[in-house]
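Chemist: Below you'll find the structure I mean.
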Amino acid sequence: MTSSSLIAIEALDGDNTERLQAAIDSLSASGGGRLELQAGIHLCQGLRLRSGIDLHLAAGAILRPIPDYAAYAHTAVSVIAEKSDRGMIVAKGARRISLTGEGRIEAGCESFIIGDDETVGTFIPAEFRPRVVVFEGCDEVEVSALHISRSPMWTLHFVDCTDVRVRNVTIDNDRRLPNTDGIVLDACRGAVIEDCTISTADDGICLKTSIGPDGVAIGRCENILVRRCSVQSLSCALKIGTETHGDVTNVVFEDCSVSASNRGLGIFSRDGGRISNVRFSRIAIECCETPDGFWGSGEALTVNVVDRVTERPAGAIENLIVEDVTGQMEGAITVIAAGPAGIRNVWLRRVGIEQRPGLLGTGQTYDLRPTNADLAPKADGGGRANAWTRGSDGRVIGLQDYPAGMPGIYVADVTGILMNEVRITRPTPLPQGWNAIDAVFETAAPDGSGAWQN
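Quick note, the sequence shown lines up with residues 43 to 496 if you use our numbering.
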(Lines of atoms letter the chains of each structure in order from A and count residues from 1; the text may use other names and numbers.)
(Lines give C-alpha, C1' and ligand atoms only; values in the text may rest on other atoms or scores of the structure.)
Protein backbone atom coordinates (compact mmCIF):
# COMPACT_ATOMS: atom_id res chain seq x y z
CA MET A 1 0.00 0.00 0.00
CA THR A 2 1.32 3.43 -0.85
CA SER A 3 0.95 6.13 1.78
CA SER A 4 0.40 9.78 1.02
CA SER A 5 1.14 10.90 4.60
CA LEU A 6 3.16 9.60 7.53
CA ILE A 7 2.68 9.97 11.27
CA ALA A 8 5.37 8.37 13.44
CA ILE A 9 4.45 7.49 17.03
CA GLU A 10 7.08 6.96 19.72
CA ALA A 11 6.52 4.36 22.40
CA LEU A 12 5.31 5.91 25.65
CA ASP A 13 4.43 4.42 29.03
CA GLY A 14 0.76 3.79 29.76
CA ASP A 15 -2.34 3.33 27.63
CA ASN A 16 -1.80 4.72 24.13
CA THR A 17 -5.31 4.05 22.78
CA GLU A 18 -6.56 7.63 22.45
CA ARG A 19 -3.36 8.87 20.86
CA LEU A 20 -3.24 6.04 18.30
CA GLN A 21 -6.93 6.22 17.43
CA ALA A 22 -6.77 10.01 16.98
CA ALA A 23 -3.85 9.60 14.58
CA ILE A 24 -5.73 6.93 12.60
CA ASP A 25 -8.83 9.12 12.36
CA SER A 26 -6.83 12.20 11.36
CA LEU A 27 -4.88 10.38 8.65
CA SER A 28 -8.01 8.81 7.18
CA ALA A 29 -9.88 12.12 7.15
CA SER A 30 -7.03 13.73 5.20
CA GLY A 31 -6.97 11.03 2.52
CA GLY A 32 -5.03 8.23 4.18
CA GLY A 33 -1.46 7.39 5.01
CA ARG A 34 0.86 5.42 7.24
CA LEU A 35 0.75 5.40 11.03
CA GLU A 36 4.15 4.07 12.05
CA LEU A 37 4.71 2.68 15.53
CA GLN A 38 8.38 3.11 16.35
CA ALA A 39 10.52 0.71 18.36
CA GLY A 40 9.31 0.04 21.89
CA ILE A 41 6.15 -1.20 23.62
CA HIS A 42 2.82 0.37 22.65
CA LEU A 43 0.14 -0.61 25.17
CA CYS A 44 -3.44 -0.05 23.99
CA GLN A 45 -7.06 -1.12 24.01
CA GLY A 46 -9.06 -1.73 20.85
CA LEU A 47 -8.19 0.16 17.66
CA ARG A 48 -10.43 0.76 14.66
CA LEU A 49 -8.75 1.16 11.28
CA ARG A 50 -10.25 3.56 8.75
CA SER A 51 -10.03 3.67 4.96
CA GLY A 52 -6.64 4.46 3.51
CA ILE A 53 -4.68 3.54 6.66
CA ASP A 54 -1.49 1.49 6.86
CA LEU A 55 -0.79 0.63 10.50
CA HIS A 56 2.93 -0.06 10.30
CA LEU A 57 4.94 -1.64 13.12
CA ALA A 58 8.58 -0.72 12.59
CA ALA A 59 11.35 -3.14 13.54
CA GLY A 60 11.44 -3.38 17.32
CA ALA A 61 7.89 -2.10 17.77
CA ILE A 62 5.64 -4.20 19.98
CA LEU A 63 1.89 -3.60 20.01
CA ARG A 64 0.68 -5.06 23.28
CA PRO A 65 -3.12 -5.07 23.58
CA ILE A 66 -4.48 -4.82 27.12
CA PRO A 67 -5.38 -8.39 28.26
CA ASP A 68 -8.94 -7.64 29.37
CA TYR A 69 -12.06 -8.48 27.35
CA ALA A 70 -13.79 -5.34 28.63
CA ALA A 71 -11.08 -3.22 26.99
CA TYR A 72 -12.57 -4.06 23.58
CA ALA A 73 -16.22 -3.17 24.15
CA HIS A 74 -15.77 -0.23 21.76
CA THR A 75 -14.36 -2.50 19.03
CA ALA A 76 -17.25 -4.93 18.84
CA VAL A 77 -17.93 -6.77 15.58
CA SER A 78 -21.09 -8.27 14.10
CA VAL A 79 -19.95 -11.86 13.50
CA ILE A 80 -19.71 -13.78 16.76
CA ALA A 81 -17.14 -16.56 17.05
CA GLU A 82 -17.07 -18.84 20.11
CA LYS A 83 -19.01 -16.15 22.06
CA SER A 84 -16.44 -13.50 21.05
CA ASP A 85 -18.03 -10.34 19.64
CA ARG A 86 -14.99 -8.08 19.64
CA GLY A 87 -11.46 -7.72 18.37
CA MET A 88 -8.25 -5.98 19.31
CA ILE A 89 -7.80 -4.35 15.88
CA VAL A 90 -10.96 -4.04 13.80
CA ALA A 91 -12.29 -2.38 10.67
CA LYS A 92 -15.70 -2.33 9.04
CA GLY A 93 -16.53 -1.23 5.51
CA ALA A 94 -13.05 0.21 5.00
CA ARG A 95 -11.04 0.30 1.75
CA ARG A 96 -7.28 0.16 1.25
CA ILE A 97 -6.25 -0.82 4.76
CA SER A 98 -3.15 -2.67 5.85
CA LEU A 99 -1.15 -3.98 8.79
CA THR A 100 2.52 -4.10 7.89
CA GLY A 101 6.04 -4.01 9.25
CA GLU A 102 8.67 -6.08 10.97
CA GLY A 103 7.25 -5.45 14.45
CA ARG A 104 5.21 -7.71 16.71
CA ILE A 105 1.72 -7.97 18.16
CA GLU A 106 1.89 -9.73 21.53
CA ALA A 107 -1.70 -10.66 22.26
CA GLY A 108 -1.46 -11.99 25.83
CA CYS A 109 -3.37 -15.29 25.70
CA GLU A 110 -2.21 -16.25 29.20
CA SER A 111 -4.70 -13.78 30.66
CA PHE A 112 -7.57 -15.72 29.06
CA ILE A 113 -6.75 -19.18 30.46
CA ILE A 114 -8.76 -20.27 33.51
CA GLY A 115 -7.65 -23.87 33.95
CA ASP A 116 -5.99 -26.99 32.60
CA ASP A 117 -8.01 -30.00 31.41
CA GLU A 118 -5.44 -32.78 31.54
CA THR A 119 -7.95 -35.40 30.40
CA VAL A 120 -8.03 -33.96 26.88
CA GLY A 121 -4.69 -32.17 26.91
CA THR A 122 -5.93 -28.59 26.61
CA PHE A 123 -6.11 -25.43 28.63
CA ILE A 124 -9.59 -24.31 29.66
CA PRO A 125 -10.25 -20.93 28.00
CA ALA A 126 -12.12 -18.04 29.52
CA GLU A 127 -15.71 -17.76 28.35
CA PHE A 128 -15.06 -14.48 26.53
CA ARG A 129 -11.88 -13.81 24.55
CA PRO A 130 -11.13 -11.18 21.90
CA ARG A 131 -9.84 -12.01 18.44
CA VAL A 132 -6.66 -10.17 17.44
CA VAL A 133 -7.73 -8.77 14.04
CA VAL A 134 -11.28 -8.68 12.61
CA PHE A 135 -11.92 -6.92 9.30
CA GLU A 136 -15.56 -6.91 8.13
CA GLY A 137 -16.81 -5.93 4.69
CA CYS A 138 -13.46 -4.41 3.69
CA ASP A 139 -11.87 -4.15 0.25
CA GLU A 140 -8.18 -4.06 -0.69
CA VAL A 141 -6.79 -5.50 2.53
CA GLU A 142 -3.14 -6.36 3.18
CA VAL A 143 -1.39 -7.90 6.17
CA SER A 144 2.33 -8.45 5.64
CA ALA A 145 5.59 -9.18 7.46
CA LEU A 146 4.11 -9.02 10.98
CA HIS A 147 4.86 -11.43 13.81
CA ILE A 148 1.79 -12.17 15.95
CA SER A 149 2.10 -14.26 19.10
CA ARG A 150 -0.09 -15.73 21.86
CA SER A 151 -3.51 -14.95 20.43
CA PRO A 152 -6.35 -15.57 22.93
CA MET A 153 -8.76 -16.54 20.14
CA TRP A 154 -8.80 -16.48 16.32
CA THR A 155 -5.79 -14.49 15.13
CA LEU A 156 -6.64 -12.97 11.72
CA HIS A 157 -10.35 -13.04 10.81
CA PHE A 158 -11.46 -11.59 7.49
CA VAL A 159 -15.25 -11.42 7.16
CA ASP A 160 -17.01 -10.70 3.85
CA CYS A 161 -13.87 -9.01 2.48
CA THR A 162 -12.64 -8.71 -1.09
CA ASP A 163 -9.13 -8.46 -2.52
CA VAL A 164 -7.27 -9.78 0.55
CA ARG A 165 -3.52 -10.40 0.66
CA VAL A 166 -1.68 -11.95 3.59
CA ARG A 167 2.02 -12.51 3.04
CA ASN A 168 5.15 -13.25 5.08
CA VAL A 169 3.18 -13.26 8.34
CA THR A 170 4.32 -15.37 11.31
CA ILE A 171 1.70 -16.54 13.82
CA ASP A 172 2.99 -18.29 16.94
CA ASN A 173 0.21 -19.26 19.35
CA ASP A 174 0.01 -21.47 22.43
CA ARG A 175 -0.46 -25.02 21.17
CA ARG A 176 -2.70 -26.01 24.08
CA LEU A 177 -5.27 -23.20 23.90
CA PRO A 178 -8.35 -24.07 21.79
CA ASN A 179 -9.90 -21.76 19.16
CA THR A 180 -6.65 -19.96 18.39
CA ASP A 181 -7.02 -20.37 14.61
CA GLY A 182 -4.27 -18.74 12.58
CA ILE A 183 -5.92 -17.19 9.50
CA VAL A 184 -9.69 -17.38 8.87
CA LEU A 185 -11.16 -16.32 5.53
CA ASP A 186 -14.89 -16.06 6.19
CA ALA A 187 -17.01 -15.53 3.06
CA CYS A 188 -14.18 -13.68 1.33
CA ARG A 189 -13.81 -13.29 -2.42
CA GLY A 190 -10.43 -12.97 -4.07
CA ALA A 191 -7.71 -13.72 -1.51
CA VAL A 192 -4.08 -14.75 -1.60
CA ILE A 193 -2.27 -16.13 1.46
CA GLU A 194 1.41 -16.78 0.79
CA ASP A 195 4.74 -17.40 2.50
CA CYS A 196 3.23 -17.49 6.01
CA THR A 197 4.41 -19.53 9.01
CA ILE A 198 1.75 -20.62 11.50
CA SER A 199 1.91 -22.64 14.71
CA THR A 200 -1.31 -22.95 16.71
CA ALA A 201 -3.56 -25.25 18.71
CA ASP A 202 -6.45 -24.89 16.30
CA ASP A 203 -6.91 -24.65 12.53
CA GLY A 204 -3.94 -23.15 10.71
CA ILE A 205 -5.53 -21.62 7.60
CA CYS A 206 -9.30 -22.01 7.50
CA LEU A 207 -11.94 -21.04 4.94
CA LYS A 208 -15.54 -20.84 6.08
CA THR A 209 -18.88 -19.12 5.56
CA SER A 210 -20.45 -18.07 8.85
CA ILE A 211 -24.03 -17.14 9.60
CA GLY A 212 -24.87 -13.51 10.27
CA PRO A 213 -27.02 -11.99 13.03
CA ASP A 214 -30.02 -12.28 10.67
CA GLY A 215 -29.64 -16.06 10.47
CA VAL A 216 -28.49 -15.95 6.85
CA ALA A 217 -25.06 -16.84 5.45
CA ILE A 218 -22.89 -13.73 5.29
CA GLY A 219 -21.77 -14.64 1.78
CA ARG A 220 -19.73 -16.93 -0.43
CA CYS A 221 -16.06 -17.83 -0.19
CA GLU A 222 -14.49 -18.03 -3.63
CA ASN A 223 -11.34 -17.56 -5.69
CA ILE A 224 -8.83 -18.28 -2.92
CA LEU A 225 -5.14 -19.14 -3.34
CA VAL A 226 -2.97 -20.39 -0.46
CA ARG A 227 0.67 -21.10 -1.34
CA ARG A 228 4.11 -21.62 0.17
CA CYS A 229 2.86 -21.68 3.76
CA SER A 230 4.26 -23.73 6.64
CA VAL A 231 1.68 -24.81 9.22
CA GLN A 232 1.64 -26.66 12.54
CA SER A 233 -1.87 -27.27 13.88
CA LEU A 234 -3.48 -29.30 16.64
CA SER A 235 -6.73 -29.33 14.69
CA CYS A 236 -6.48 -29.15 10.89
CA ALA A 237 -3.62 -27.38 9.13
CA LEU A 238 -5.26 -26.46 5.80
CA LYS A 239 -9.04 -26.55 6.12
CA ILE A 240 -12.41 -25.69 4.62
CA GLY A 241 -15.29 -25.63 7.15
CA THR A 242 -16.78 -26.40 9.53
CA GLU A 243 -19.09 -23.36 9.27
CA THR A 244 -20.36 -23.70 5.70
CA HIS A 245 -23.61 -21.75 5.52
CA GLY A 246 -22.70 -20.23 2.15
CA ASP A 247 -20.99 -21.82 -0.86
CA VAL A 248 -17.22 -22.27 -1.09
CA THR A 249 -15.73 -22.58 -4.58
CA ASN A 250 -12.53 -22.23 -6.60
CA VAL A 251 -9.91 -22.85 -3.91
CA VAL A 252 -6.25 -23.85 -4.36
CA PHE A 253 -3.77 -24.88 -1.66
CA GLU A 254 -0.31 -25.50 -3.16
CA ASP A 255 3.38 -25.85 -2.28
CA CYS A 256 2.71 -25.94 1.46
CA SER A 257 4.30 -27.82 4.36
CA VAL A 258 2.32 -29.33 7.25
CA SER A 259 4.14 -30.66 10.32
CA ALA A 260 3.39 -31.63 13.93
CA SER A 261 -0.34 -31.56 13.12
CA ASN A 262 -3.36 -33.64 14.08
CA ARG A 263 -4.80 -33.44 10.56
CA GLY A 264 -3.19 -32.22 7.38
CA LEU A 265 -5.83 -31.37 4.79
CA GLY A 266 -9.52 -31.18 5.60
CA ILE A 267 -12.92 -30.34 4.15
CA PHE A 268 -15.89 -30.36 6.54
CA SER A 269 -19.39 -29.66 5.21
CA ARG A 270 -21.94 -29.01 7.97
CA ASP A 271 -24.34 -26.15 7.20
CA GLY A 272 -25.93 -26.18 3.77
CA GLY A 273 -23.32 -24.49 1.57
CA ARG A 274 -21.91 -26.39 -1.42
CA ILE A 275 -18.13 -26.86 -1.53
CA SER A 276 -16.74 -27.28 -5.05
CA ASN A 277 -13.65 -26.98 -7.23
CA VAL A 278 -10.95 -27.46 -4.60
CA ARG A 279 -7.36 -28.49 -5.30
CA PHE A 280 -4.56 -29.49 -2.90
CA SER A 281 -1.23 -29.73 -4.78
CA ARG A 282 2.39 -30.36 -3.84
CA ILE A 283 2.03 -30.58 -0.07
CA ALA A 284 4.33 -32.28 2.43
CA ILE A 285 2.52 -33.65 5.48
CA GLU A 286 3.42 -34.96 8.92
CA CYS A 287 0.37 -35.90 11.02
CA CYS A 288 0.21 -37.53 14.43
CA GLU A 289 -2.38 -38.81 16.88
CA THR A 290 -3.86 -36.65 19.61
CA PRO A 291 -5.72 -37.32 22.89
CA ASP A 292 -9.35 -38.08 22.05
CA GLY A 293 -10.77 -34.78 23.29
CA PHE A 294 -8.80 -32.72 20.81
CA TRP A 295 -9.68 -32.82 17.12
CA GLY A 296 -8.42 -35.24 14.52
CA SER A 297 -6.87 -38.66 14.50
CA GLY A 298 -3.65 -38.19 12.58
CA GLU A 299 -5.26 -38.13 9.12
CA ALA A 300 -3.28 -36.77 6.16
CA LEU A 301 -6.59 -36.00 4.42
CA THR A 302 -10.08 -35.99 5.89
CA VAL A 303 -13.19 -35.01 3.93
CA ASN A 304 -16.70 -35.43 5.29
CA VAL A 305 -20.31 -34.32 5.01
CA VAL A 306 -22.31 -34.45 8.26
CA ASP A 307 -25.80 -33.05 8.96
CA ARG A 308 -25.33 -31.52 12.41
CA VAL A 309 -28.66 -29.62 12.43
CA THR A 310 -31.62 -31.62 11.14
CA GLU A 311 -33.50 -28.68 9.65
CA ARG A 312 -30.39 -27.48 7.80
CA PRO A 313 -28.76 -30.39 5.92
CA ALA A 314 -25.12 -30.09 4.99
CA GLY A 315 -24.23 -29.22 1.39
CA ALA A 316 -22.44 -31.39 -1.14
CA ILE A 317 -18.70 -31.58 -1.71
CA GLU A 318 -17.89 -31.81 -5.42
CA ASN A 319 -14.85 -31.74 -7.69
CA LEU A 320 -11.89 -32.27 -5.36
CA ILE A 321 -8.34 -32.86 -6.58
CA VAL A 322 -5.59 -34.01 -4.19
CA GLU A 323 -2.25 -34.45 -5.99
CA ASP A 324 1.47 -34.70 -5.28
CA VAL A 325 1.01 -35.13 -1.53
CA THR A 326 3.75 -36.89 0.43
CA GLY A 327 4.67 -37.53 4.05
CA GLN A 328 3.67 -39.51 7.15
CA MET A 329 0.46 -40.08 9.09
CA GLU A 330 -0.61 -42.03 12.18
CA GLY A 331 -4.26 -42.19 11.08
CA ALA A 332 -5.76 -42.86 7.66
CA ILE A 333 -7.02 -40.93 4.65
CA THR A 334 -10.81 -40.63 5.03
CA VAL A 335 -13.48 -39.45 2.58
CA ILE A 336 -16.92 -39.96 4.15
CA ALA A 337 -20.39 -38.79 3.12
CA ALA A 338 -22.46 -39.21 6.29
CA GLY A 339 -25.15 -36.83 4.96
CA PRO A 340 -27.39 -37.28 1.89
CA ALA A 341 -25.92 -34.31 -0.05
CA GLY A 342 -22.93 -36.52 -0.66
CA ILE A 343 -19.43 -36.26 -2.07
CA ARG A 344 -18.86 -36.46 -5.83
CA ASN A 345 -15.92 -36.45 -8.22
CA VAL A 346 -12.76 -36.92 -6.17
CA TRP A 347 -9.32 -37.43 -7.73
CA LEU A 348 -6.33 -38.67 -5.72
CA ARG A 349 -3.16 -38.79 -7.80
CA ARG A 350 0.52 -39.13 -7.06
CA VAL A 351 -0.04 -39.53 -3.31
CA GLY A 352 2.69 -41.23 -1.29
CA ILE A 353 2.12 -41.52 2.46
CA GLU A 354 3.84 -43.64 5.10
CA GLN A 355 1.31 -44.85 7.66
CA ARG A 356 2.92 -45.31 11.09
CA PRO A 357 1.52 -46.56 14.39
CA GLY A 358 1.07 -43.87 17.03
CA LEU A 359 1.61 -44.12 20.77
CA LEU A 360 -2.01 -43.36 21.75
CA GLY A 361 -4.09 -45.62 19.52
CA THR A 362 -6.56 -42.79 18.82
CA GLY A 363 -5.74 -42.95 15.11
CA GLN A 364 -7.72 -46.17 14.96
CA THR A 365 -10.93 -44.14 15.02
CA TYR A 366 -12.10 -41.62 12.45
CA ASP A 367 -13.38 -38.23 13.55
CA LEU A 368 -16.75 -36.84 12.38
CA ARG A 369 -16.85 -33.91 14.79
CA PRO A 370 -18.33 -31.43 15.18
CA THR A 371 -21.69 -33.18 15.41
CA ASN A 372 -25.08 -32.15 16.77
CA ALA A 373 -24.06 -33.55 20.15
CA ASP A 374 -21.40 -30.93 20.88
CA LEU A 375 -23.33 -27.85 19.80
CA ALA A 376 -24.43 -27.46 23.43
CA PRO A 377 -23.00 -30.11 25.78
CA LYS A 378 -25.04 -31.01 28.82
CA ALA A 379 -23.47 -29.93 32.10
CA ASP A 380 -23.64 -33.42 33.57
CA GLY A 381 -22.18 -35.13 30.50
CA GLY A 382 -18.84 -33.39 30.27
CA GLY A 383 -17.64 -31.59 27.21
CA ARG A 384 -17.00 -28.26 25.57
CA ALA A 385 -19.21 -26.62 22.95
CA ASN A 386 -18.14 -27.22 19.35
CA ALA A 387 -15.34 -29.52 20.47
CA TRP A 388 -16.26 -32.72 22.29
CA THR A 389 -18.99 -34.42 24.29
CA ARG A 390 -18.79 -37.83 25.92
CA GLY A 391 -21.67 -40.25 25.64
CA SER A 392 -23.00 -42.54 28.35
CA ASP A 393 -20.29 -45.05 27.44
CA GLY A 394 -17.60 -42.50 28.23
CA ARG A 395 -16.45 -42.21 24.63
CA VAL A 396 -16.23 -38.95 22.71
CA ILE A 397 -19.27 -38.66 20.43
CA GLY A 398 -18.18 -38.41 16.80
CA LEU A 399 -15.16 -40.69 17.07
CA GLN A 400 -16.06 -43.85 15.13
CA ASP A 401 -14.35 -47.23 14.92
CA TYR A 402 -13.27 -48.32 11.47
CA PRO A 403 -15.05 -51.51 10.39
CA ALA A 404 -12.56 -54.36 10.78
CA GLY A 405 -9.77 -52.03 11.83
CA MET A 406 -7.92 -49.02 10.42
CA PRO A 407 -7.10 -49.18 6.71
CA GLY A 408 -4.78 -46.86 4.82
CA ILE A 409 -7.71 -45.23 3.00
CA TYR A 410 -11.36 -45.29 4.06
CA VAL A 411 -14.03 -44.12 1.59
CA ALA A 412 -17.74 -44.22 2.45
CA ASP A 413 -20.69 -43.35 0.19
CA VAL A 414 -18.68 -41.32 -2.33
CA THR A 415 -19.88 -41.06 -5.93
CA GLY A 416 -16.96 -41.13 -8.34
CA ILE A 417 -13.50 -41.41 -6.80
CA LEU A 418 -10.43 -42.04 -8.96
CA MET A 419 -6.98 -42.93 -7.66
CA ASN A 420 -3.83 -42.84 -9.73
CA GLU A 421 -0.36 -43.60 -8.32
CA VAL A 422 -1.61 -43.67 -4.73
CA ARG A 423 0.73 -45.56 -2.41
CA ILE A 424 0.19 -45.98 1.34
CA THR A 425 3.24 -47.64 2.87
CA ARG A 426 2.22 -49.65 5.93
CA PRO A 427 4.28 -51.52 8.54
CA THR A 428 4.89 -55.26 8.30
CA PRO A 429 3.48 -57.02 10.19
CA LEU A 430 0.45 -54.79 10.65
CA PRO A 431 -0.15 -53.63 14.24
CA GLN A 432 -3.11 -54.96 16.19
CA GLY A 433 -6.33 -53.16 15.29
CA TRP A 434 -5.29 -52.38 11.72
CA ASN A 435 -7.30 -53.56 8.70
CA ALA A 436 -5.46 -55.95 6.41
CA ILE A 437 -7.11 -54.19 3.45
CA ASP A 438 -5.18 -51.08 2.40
CA ALA A 439 -8.12 -49.21 0.87
CA VAL A 440 -11.66 -49.86 2.08
CA PHE A 441 -14.68 -48.63 0.10
CA GLU A 442 -18.09 -48.76 1.77
CA THR A 443 -21.45 -48.04 0.20
CA ALA A 444 -24.87 -48.01 1.84
CA ALA A 445 -27.19 -50.81 0.80
CA PRO A 446 -30.87 -49.97 0.05
CA ASP A 447 -31.88 -51.30 3.47
CA GLY A 448 -29.47 -48.89 5.16
CA SER A 449 -26.95 -51.51 6.20
CA GLY A 450 -23.32 -51.40 5.15
CA ALA A 451 -22.41 -53.29 2.00
CA TRP A 452 -18.70 -53.69 1.33
CA GLN A 453 -16.77 -53.38 -1.92
CA ASN A 454 -13.00 -53.64 -2.27
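Ideal Cβ positions, reconstructed from N, Cα and C, are used throughout, including at glycine.
Between the C-alpha atoms of I190 and G88, what's the straight-line distance to the nearest angstrom?
Modeler: The sequence position of residue 190 within the sequence shown is 148, counting from 1. The sequence position of residue 88 within the sequence shown is 46, counting from 1. Distance between the alpha carbons of I190 and G88 is about 16 Å.
Chemist: Compare the beta carbon distance of S153 and P220 with 9 Å and say whether it is the shorter of the two.
Modeler: The sequence position of residue 153 within the sequence shown is 111, counting from 1. The sequence position of residue 220 within the sequence shown is 178, counting from 1. No. Outside cutoff.
Chemist: Would you report the Cα separation of V351 and N414, rounded to the nearest angstrom?
Modeler: Working through the sequence shown from its first residue, we reach residue 351 at position 309. Working through the sequence shown from its first residue, we reach residue 414 at position 372. CA-CA distance, V351 to N414, rounds to 6 Å.
Chemist: Write down the C-beta distance between Q370 and T407 rounded to the nearest angstrom, noting that I regard them as a contact closer than 8 Å.
Modeler: As a working note, residue 370 is residue 328 in the sequence shown. As a working note, residue 407 is residue 365 in the sequence shown. About 19 Å separates the two Cβ atoms, so there is no contact after all.
Chemist: For my contact list, V364 and L401 are in at a C-beta cut-off of 8 Å; report their separation, rounded to the angstrom.
Modeler: The count along the sequence shown starts at 1 and reaches residue 364 at position 322. The count along the sequence shown starts at 1 and reaches residue 401 at position 359. At roughly 27 Å, the Cβ-Cβ gap does not stay under 8 Å, so V364 and L401 are not in contact.
Chemist: Which partner residues does W476 have in the DSSP bridge list?
Modeler: Numbered from its first residue, the sequence shown carries residue 476 at position 434. DSSP output for W476 lists M448 as bridge partner(s).
Chemist: Which of the three DSSP states, helix, strand or coil, is assigned to S153?
Modeler: Position 111 of the sequence shown, counted from the start, is the residue given in the question as residue 153. Helix.
Chemist: Which partner residues does I66 have in the DSSP bridge list?
Modeler: Taking the first residue of the sequence shown as 1, we reach residue 66 at position 24. Beta-bridge pairing by DSSP links I66 to no other residue.
Chemist: Which of helix, strand or coil does DSSP assign to A187?
Modeler: Residue mapping note: residue 187 aligns to position 145 of the sequence shown, counting from 1. DSSP places A187 in coil when its eight states are reduced to three.
Chemist: Quick check for students: name the residue ranges of the beta strand (DSSP E) that lie wholly in the region 287-329, counting only runs of 3 or more.
Modeler: 290-303, 305-311 and 317-329
Chemist: Can you tell me whether T5 is buried or exposed? The criterion is at least 16 other CB atoms within 10 Å of its CB, across all chains shown.
Modeler: The shown model of the chain, from 43 to 496, leaves out residue 5, and the question about it has no answer.
Chemist: Quick check on this structure: which residue in L472, E148, A115 and V121 has the alpha carbon closest to the alpha carbon of G82?
Modeler: In the sequence shown, the residue the question calls residue 82 occupies position 40. Answer by Cα proximity: E148.
Chemist: How about I466 and F483: are their beta carbons less than 9 Å apart?
Modeler: The residue given as residue 466 occupies position 424 in the sequence shown. The residue given as residue 483 occupies position 441 in the sequence shown. No.
Chemist: With a threshold of 6 Å on Cβ separation, who are the neighbours of T239 within its own chain once the five nearest residues in sequence on each side are excluded?
Modeler: In the sequence shown, counting from the first residue as 1, residue 239 sits at position 197. T212 and S272, listed in sequence order.
Chemist: Using the DSSP secondary-structure output, state which residues sit across from G129 in a beta bridge.
Modeler: As a working note, residue 129 is residue 87 in the sequence shown. BP columns for G129 point to R173.
Chemist: Helix or strand or just coil, what does DSSP make of A383?
Modeler: Counting from 1 along the sequence shown, the entry for residue 383 is found at position 341. In the three-state scheme derived from DSSP, where H, G and I count as helix and E and B as strand, A383 is classed as coil.
Chemist: Going by C-alpha distance, which of V176, T284, E341 and S339 is nearest A136?
Modeler: Residue 136 sits at position 94 when you count from the first residue of the sequence shown. Out of V176, T284, E341 and S339, V176 has the C-alpha closest to the C-alpha of A136.
Chemist: Can you name, in chain order, every residue of its own chain whose Cβ lies under 7 Å from the Cβ of L48, other than the five neighbours on each side?
Modeler: Translated into the one-based positions of the sequence shown, residue 48 becomes position 6. Around L48: G75, R76 and E78.
Chemist: Return yes when at least one heavy atom of the ligand HEM lies under 8 Å from the C-beta of G232, else no.
Modeler: For the ligand HEM, the structure offers nothing, since it holds no ligand at all.
Chemist: Just to confirm, are A380 and I451 a CB contact at a threshold of 9 Å?
Modeler: Indexing the sequence shown from 1 puts residue 380 at position 338. Indexing the sequence shown from 1 puts residue 451 at position 409. For A380 and I451, no; Cβs fall outside 9 Å.
Chemist: Is G82 helix, strand or coil when you go by DSSP?
Modeler: Indexing the sequence shown from 1 puts residue 82 at position 40. Three-state DSSP puts G82 in a strand.
Chemist: Cα separation between A383 and D455?
Modeler: Here residue 383 is taken as the residue at index 341 of the sequence shown, counted from 1. Here residue 455 is taken as the residue at index 413 of the sequence shown, counted from 1. Each residue's Cα considered, the two are about 10 Å apart.
Chemist: Taking all protein chains shown into account, do 16 or more other C-beta atoms lie within 10 angstroms of the C-beta of H116, making it buried, or fewer, making it exposed?
Modeler: For the purposes of this step, residue 116 is taken as the residue at position 74 of the sequence shown. Under a 10 Å Cβ-count criterion, H116 is classified as exposed, with fewer than 16 other Cβ atoms of the shown protein chains found around its own Cβ.
Chemist: May I ask you to report which of helix, strand or coil DSSP gives A112?
Modeler: For this step, residue 112 is matched to residue 70 along the sequence shown. Three-state DSSP puts A112 in a helix.
Chemist: Going by DSSP, which residues form a beta bridge with A118?
Modeler: Looking up residue 118 in the sequence shown gives position 76. Assignment of beta-bridge partners to A118 by DSSP yields R128.
Chemist: Would you mind working out which of V320, H84 and V464 sits nearest A53, comparing C-alpha positions?
Modeler: Locating residue 53 in the sequence shown gives position 11, counting from the first residue. Nearest C-alpha to A53: H84.
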